[in-house]
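*Asks:* These protein sequence lines are chains W and U, in that order. Going by our numbering, 252 is the number at position 225 of the first sequence; the sequence numbering is gapless. Going by our numbering, 197 is the number at position 170 of the second sequence; the sequence numbering is gapless. Every residue gets a Cβ at the ideal spot worked out from N, C-alpha and C, and that includes glycine. One structure is given below, represented as structure tokens, and several questions about it will come after.
Protein chains: 2
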Amino acid sequence: MIQVVIVGSGNVAFHLHRAFLKAHGVALVQLYGRTSASFSDFDQSVPKACTLSELAQADLYIIAVSDDAIQGVFEQIRSLKGLIVHTSGSFNFESKTDGNRTGVFYPLQTFSKTRELNFAGIPILVEAAHPEDLGFLRTIAKSIGALPENSTADARNAVHLAAVFANNFTNHLFFLASDICAKHGLNSKLLYPLIQETVAKLEILSPKDAQTGPARRGDRTTQIRHVELLASGIHQELYKLIAHSIQKTYEKEL
Amino acid sequence: MIQVVIVGSGNVAFHLHRAFLKAHGVALVQLYGRTSASFSDFDQSVPKACTLSELAQADLYIIAVSDDAIQGVFEQIRSLKGLIVHTSGSFNFESKTDGNRTGVFYPLQTFSKTRELNFAGIPILVEAAHPEDLGFLRTIAKSIGALPENSTADARNAVHLAAVFANNFTNHLFFLASDICAKHGLNSKLLYPLIQETVAKLEILSPKDAQTGPARRGDRTTQIRHVELLASGIHQELYKLIAHSIQKTYEKEL
Numbered sequence: 028m029i030q031v032v033i034v035g036s037g038n039v040a041f042h043l044h045r046a047f048l049k050a051h052g053v054a055l056v057q058l059y060g061r062t063s064a065s066f067s068d069f070d071q072s073v074p075k076a077c078t079l080s081e082l083a084q085a086d087l088y089i090i091a092v093s094d095d096a097i098q099g100v101f102e103q104i105r106s107l108k109g110l111i112v113h114t115s116g117s118f119n120f121e122s123k124t125d126g127n128r129t130g131v132f133y134p135l136q137t138f139s140k141t142r143e144l145n146f147a148g149i150p151i152l153v154e155a156a157h158p159e160d161l162g163f164l165r166t167i168a169k170s171i172g173a174l175p176e177n178s179t180a181d182a183r184n185a186v187h188l189a190a191v192f193a194n195n196f197t198n199h200l201f202f203l204a205s206d207i208c209a210k211h212g213l214n215s216k217l218l219y220p221l222i223q224e225t226v227a228k229l230e231i232l233s234p235k236d237a238q239t240g241p242a243r244r245g246d247r248t249t250q251i252r253h254v255e256l257l258a259s260g261i262h263q264e265l266y267k268l269i270a271h272s273i274q275k276t277y278e279k280e281l
Numbered sequence: 028m029i030q031v032v033i034v035g036s037g038n039v040a041f042h043l044h045r046a047f048l049k050a051h052g053v054a055l056v057q058l059y060g061r062t063s064a065s066f067s068d069f070d071q072s073v074p075k076a077c078t079l080s081e082l083a084q085a086d087l088y089i090i091a092v093s094d095d096a097i098q099g100v101f102e103q104i105r106s107l108k109g110l111i112v113h114t115s116g117s118f119n120f121e122s123k124t125d126g127n128r129t130g131v132f133y134p135l136q137t138f139s140k141t142r143e144l145n146f147a148g149i150p151i152l153v154e155a156a157h158p159e160d161l162g163f164l165r166t167i168a169k170s171i172g173a174l175p176e177n178s179t180a181d182a183r184n185a186v187h188l189a190a191v192f193a194n195n196f197t198n199h200l201f202f203l204a205s206d207i208c209a210k211h212g213l214n215s216k217l218l219y220p221l222i223q224e225t226v227a228k229l230e231i232l233s234p235k236d237a238q239t240g241p242a243r244r245g246d247r248t249t250q251i252r253h254v255e256l257l258a259s260g261i262h263q264e265l266y267k268l269i270a271h272s273i274q275k276t277y278e279k280e281l
């Protein structure tokens with residue numbers, strides 16, 4: 028039985044803890060959080076620690092805290108036996124930690140506590156300072172149904188940037204679209220079938236081939252009218268810049 | 028039996044023709060396109076016309092051509108009996124056409140010929156210069172399983188702008204995300220579970236509440252590193268502007 032400790036009580040820690048409780052071959056032996064209150068949504072049967080010096084012996088320590096706190100946690104637990112990984116897309120351990128058994132276990136997904144999440148089919152990018160630890164991390168990923176992908180810091184940092192475009196920025200565009208509807212007294216749910224189809228199309232068309240709309244067609248009249256309809260200067264600039272980026276993308280092909 | 032003629036041979040015309048062939052109570056009596064070759068993917072049993080003067084008598088003429096061609100087509104067929112509608116989100120008939128029975132039948136969806144499309148649950152915004160034609164347009168929308176929504180030109184133009192954000196611009200972000208993956212030797216399919224979850228989240232969280240990421244958290248270190256990772260000046264500007272727009276959105280709340 029592989030013994031795992033999770034350090035953190037945020038969304039990633041929450042969903043990993045849920046997944047490990049159901050996983051075969053893995054025992055979640057402890058959770059660490061600064062206060063016991065931070066675990067109110069977590070399974071009550073898992074032992075909790077509120078100071079890092081109390082951490083139990085384990086095969087794997089998963090540091091699932093904010094990027095700026097990872098190195099600090101690591102410094103306090105680096106003397107422990109067991110592999111120590113973080114779950115961040117953009118953080119890289121300082122190079123002087125290479126002597127330790129460190130690694131990365133980065134699930135490429137967006138997490139909210141309010142939404143049930145199944146790791147089945149979700150890529151987890153794995154890295155290890157000592158290559159012999161890679162197979163171990165792949166086993167852990169598979170134990171929760173995820174798809175392990177061997178990665179490097181450079182590739183992971185790039186994937187994290189891609190994820191910001193595909194998730195954070197896309198979500199902001201959904202917000203702007205909903206906001207336009209709301210300002211004109213329309214229910215933003217009207218847009219959902221369109222949003223669903225936008226994503227479903229990716230199954231058969233690359234996003235490059237799926238591109239449509241006034242910017243793709245070079246329809247200046249509609250673009251000018253759209254910019255005028257936008258109430259805020261930032262959103263007008265955003266419209267113009269994304270439209271410009273679309274035009275540049277297809278111009279190169281001509 | 029309601030008799031319908033579709034003017035146009037593009038994606039919207041194609042999917043409406045397929046839907047009407049299966050609809051109850053509606054007969055698709057003719058398709059118009061400038062050349063017979065434009066109908067190679069269309070049902071061969073529907074009569075075709077290549078000049079507007081050949082148009083058959085019908086209850087409804089649906090002009091599904093590019094925005095800049097709609098008014099021209101209308102001028103050539105306005106003497107016909109029957110209601111004449113267009114399918115555009117942004118085009119508005121010139122006001123002098125109000126004497127005619129005109130209207131709008133705007134399906135809020137993205138269309139590609141290569142992808143099967145079911146109108147079930149898809150909103151169709153309907154407008155009519157003569158209010159007594161609205162019920163007729165709602166019946167037509169329902170005949171193909173769509174959800175008719177009474178609209179106005181202003182509301183429709185706003186929805187079209189929202190659709191540009193929710194579909195065209197979002198798709199461009201998917202392209203940029205795929206492109207980042209490709210440039211780092213990664214399969215962009217890794218991003219699909221994340222993209223699917225981004226959309227699935229909208230069922231339980233508003234996009235405003237679902238927002239996460241470095242811009243939302245005000246994580247400057249990650250944002251600076253991301254901008255450095257981007258190869259093109261336009262994409263760097265795009266990153267900075269969307270991140271700025273996210274920050275502004277949540278700043279107002281404080």
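So who's on the other strand from ALA76/W, going by DSSP bridges?
*Replies:* Paired residue(s): TYR59/W.
*Asks:* Could you tell me the distance, in whole angstroms, from the CA atom of HIS44/U to the CA atom of ARG244/U?
*Replies:* One C-alpha to the other measures close to 48 Å.
*Asks:* Would you say VAL191/W and ALA242/U are within 9 Å of each other, going by their C-beta atoms?
*Replies:* Yes, Cβ-Cβ distance for VAL191/W and ALA242/U is below 9 Å.
*Asks:* Can you tell me the Cα-Cα spacing of VAL146/U and SER139/U, whole angstroms?
*Replies:* Position check: residue 146/U holds Phe in this sequence, whereas Val was assumed. Going by the C-alpha atoms only, they are around 13 Å apart.
*Asks:* Give the list of continuous alpha helix (DSSP H) stretches no shorter than 4 residues that lie fully inside the region 189-249 of chain W.
*Replies:* Runs found: 197-210, 219-227, 234-237 and 241-244.
*Asks:* Evaluate GLN250/U with the Cβ neighbour count: other Cβ atoms within 10 Å of its Cβ, from every protein chain shown; 16 or more gives buried, anything less gives exposed.
*Replies:* Buried, because 16 or more other Cβ atoms sit within 10 Å of the Cβ of GLN250/U.
*Asks:* Listing by chain order, which chain A residues have their CB less than 7 Å from the CB of GLN263/U?
*Replies:* The structure shown has no chain A; the protein chains it does contain are W and U.
*Asks:* Looking at the C-beta of ASN177/U, does it have a partner C-beta in chain W at a distance below 9 Å?
*Replies:* No, no contact with chain W.
*Asks:* Could you tell me which chain W residues have their CB closer than 7 Å to the CB of GLY18/U, listed as they occur along the chain?
*Replies:* Because chain U in this structure spans residues 28 to 281, residue 18/U falls outside the shown range and cannot be described.
*Asks:* Should ASP70/U be flagged as near chain W, meaning a C-beta pair shorter than 9 Å?
*Replies:* No - not a single Cβ of chain W is within 9 Å of the one on ASP70/U.
*Asks:* Does any residue of chain W bring its CB to less than 9 Å from the CB of ILE231/U?
*Replies:* Yes, ILE231/U counts as interfacial toward chain W.
*Asks:* Quick one, are the C-beta atoms of SER115/U and ASP94/U less than 9 Å apart?
*Replies:* Yes, Cβ-Cβ distance for SER115/U and ASP94/U is below 9 Å.
*Asks:* Between which two residues does the alpha helix (DSSP H) holding PHE41/W run?
*Replies:* Here the alpha helix (DSSP H) through PHE41/W covers 38-49.
*Asks:* Compute the Euclidean distance between the alpha carbons of VAL73/U and SER117/W, then round it to the nearest angstrom.
*Replies:* Cα-Cα distance, rounded: 57 Å.
*Asks:* Pairs of beta-carbons, one from the region 126-139 of chain W and one from the region 34-41 of chain W, closer than 8 Å: are there three or more?
*Replies:* The region 126-139 of chain W is in contact with the region 34-41 of chain W.
*Asks:* VAL153/U and GLY130/U look like a contact to me (Cβ under 8 Å); what is the Cβ gap, rounded to whole Å?
*Replies:* Indeed they touch by this definition, with Cβ atoms about 7 Å apart.
*Asks:* From the DSSP output, in three-state form, read off ASN177/U for me.
*Replies:* Of the three classes helix, strand and coil, the one that applies to ASN177/U here is strand, per DSSP.
*Asks:* Which partner residues does ALA155/U have in the DSSP bridge list?
*Replies:* ALA155/U pairs with GLY130/U.
*Asks:* Could you name the residues of the same chain whose beta carbon sits closer than 7 Å to that of ILE273/W, not counting the 5 residues immediately before and after it, in chain order?
*Replies:* Once the five neighbours on either side are set aside, the close Cβ partners of ILE273/W are GLN238, ALA242 and ARG243.
*Asks:* Give every residue of the same chain whose Cβ lies closer than 8 Å to the Cβ of THR62/U, excluding the five residues on either side of it in the sequence, and list them in chain order.
*Replies:* Once the five neighbours on either side are set aside, the close Cβ partners of THR62/U are CYS77.
*Asks:* What does the Cβ neighbour count give for GLN84/W, buried or exposed, with the cut at 16 atoms within 10 Å?
*Replies:* GLN84/W is exposed by the Cβ-count criterion.
*Asks:* Using a Cβ-Cβ distance under 9 Å, would LYS228/U count as near chain W?
*Replies:* Chain W, which has a Cβ nearer than 9 Å to the Cβ of LYS228/U, makes this yes.
*Asks:* Select from THR225/U, GLU81/U and PRO134/U the residue whose C-alpha is nearest the C-alpha of ASN177/U.
*Replies:* Checked all of THR225/U, GLU81/U and PRO134/U; the closest Cα to ASN177/U is PRO134/U.
*Asks:* Give a yes or no on whether 9 Å exceeds the smallest Cβ distance from PHE201/W to chain U.
*Replies:* At least one chain U Cβ lies under 9 Å of PHE201/W.
*Asks:* In chain U, which residues lie with their C-beta within 8 Å of the C-beta of THR276/W?
*Replies:* Result: HIS199 and PHE202.
*Asks:* Once the 5 residues before and after LEU281/U are set aside, which same chain residues still bring their CB inside 6 Å of it?
*Replies:* With a pLDDT of 45 at LEU281/U, under the threshold of 50, the predicted position of this residue should be treated as unreliable, though the coordinate-derived value follows. So the list is empty, once near-sequence residues are dropped.
*Asks:* Within the same chain, show all residues whose beta-carbon is closer than 8 Å to that of ALA174/U, passing over the 5 residues directly before and after it, in chain order.
*Replies:* Position check: residue 174/U holds Leu in this sequence, whereas Ala was assumed. GLY148, ILE149, PRO150, ILE151 and ALA168.
*Asks:* Thinking C-beta only, is ALA91/U closer than 9 Å to ARG128/U?
*Replies:* Not a contact, by the Cβ cut-off of 9 Å.
*Asks:* CA-CA distance, ILE231/W and ARG142/U?
*Replies:* Cα-Cα distance, rounded: 8 Å.
*Asks:* Examine the Cβ distances between the region 156-166 of chain W and the region 246-262 of chain U and report whether three or more of them are shorter than 8 Å.
*Replies:* The region 156-166 of chain W is not in contact with the region 246-262 of chain U.
*Asks:* Given that a residue counts as buried once 16 or more other Cβ atoms are within 10 Å of its Cβ, and exposed if not, what is ASP206/W?
*Replies:* Its Cβ being crowded by 16 or more others within 10 Å, ASP206/W is buried.
*Asks:* Work out the CA separation of GLU102/W and PHE120/W for me, nearest whole Å.
*Replies:* Rounded to the nearest angstrom, the two C-alpha atoms are 10 Å apart.
*Asks:* Would LEU110/W and ASP160/W qualify as a contact pair, given that the criterion is a beta-carbon distance under 9 Å?
*Replies:* In contact: LEU110/W and ASP160/W (Cβ atoms closer than 9 Å).
*Asks:* Residues of chain U with CB under 9 Å from ASN100/W, in chain order?
*Replies:* First, the amino acid is wrong: residue 100/W is Val here, not Asn. What VAL100/W touches in chain U: nothing, since even the nearest Cβ is about 17 Å away.
*Asks:* According to DSSP, is ALA258/U part of a helix, a strand, or is it coil?
*Replies:* ALA258/U falls in the coil class under three-state DSSP.
*Asks:* Give the range of the beta strand (DSSP E) segment to which VAL92/U is assigned.
*Replies:* Where VAL92/U is concerned, there is no enclosing beta strand (DSSP E), given that its DSSP letter is neither H nor E.
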